[in-house]
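**Student:** Numbering (our numbering), first residue to last: 17 to 125.
Glycine included, each C-beta is placed from N, C-alpha and C at the ideal position.
I am attaching a structure below and will ask some questions about it afterwards.
Put into structure tokens, the structure is as follows:
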């Protein structure tokens with residue numbers, strides 16, 4: 017369990033991994049049309065926390081994902097995919113269904 021001492025603490029830890037946080041971030045951008053986060057582009061290539069203050073003066077910490085982090089993540093994913101496909105001699109086109117995903121419905125009548 018690591019630092020968590022109860023199942024509920026472990027669930028909280030699991031919900032706050034980068035994998036889950038990136039999924040929530042993606043959903044916020046794609047499904048809720050939110051603006052991207054607060055990356056100032058000056059700290060580096062890794063995610064970091066930045067102190068923010070709202071209009072009422074309440075301070076909080078926001079997790080920022082630099083654009084360069086996403087670019088590096090995509091490059092690593094593509095490199096790993098290429099290695100996997102080459103290593104097992106797999107054709108990526110064999111896993112893709114070409115054409116429309118909508119099935120034609122025969123109308124009766």
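(1) In three-state DSSP terms, what is residue 20?
(2) Taking residue 69 as the reference, which of 101, 63, 77 has the closest Cα?
(3) Classify residue 64 as helix, strand or coil using the three-state DSSP reduction.
(4) Rounded to a whole number of angstroms, what is the C-alpha to C-alpha distance between residue 19 and residue 34?
(5) Does residue 71 come out as helix, strand or coil in the three-state DSSP assignment?
(6) If residue 82 and residue 60 are in contact, beta carbons under 8 Å, what's the gap, nearest whole angstrom?
(7) Between residue 106 and the rest of its own chain, which residues show a CB-CB distance below 8 Å, the 5 nearest in sequence each way excluded?
(8) Can you grab the Cα-Cα spacing for the pair residue 74 / residue 52, in whole Å?
**Tutor:** The short version:
(1) Here residue 20 refers to the residue found at position 4 of the chain shown. Residue 20 falls in the coil class under three-state DSSP.
(2) Within the chain shown, the letter at position 53 stands for residue 69. Looking at the Cα atoms, 77 is the closest of the given residues.
(3) The residue given as residue 64 occupies position 48 in the chain shown. Residue state, collapsed to three classes: strand.
(4) Here the question's residue 19 lines up with position 3 in the chain shown. Here the question's residue 34 lines up with position 18 in the chain shown. Approximately 17 Å, taken between the alpha carbons.
(5) Residue mapping note: residue 71 aligns to position 55 of the chain shown, counting from 1. The answer is coil: DSSP assigns residue 71 none of H, G, I, E or B.
(6) Within the chain shown, residue 82 is the residue found at index 66, counting from 1. Within the chain shown, residue 60 is the residue found at index 44, counting from 1. The pair is a contact, with the Cβ atoms about 7 Å apart (cut-off 8 Å).
(7) Locating residue 106 in the chain shown gives position 90, counting from the first residue. Excluding sequence neighbours, residue 106 sits near 100.
(8) Mapped onto the chain shown, residue 74 falls at position 58. Mapped onto the chain shown, residue 52 falls at position 36. Those two C-alpha atoms are separated by around 21 Å.
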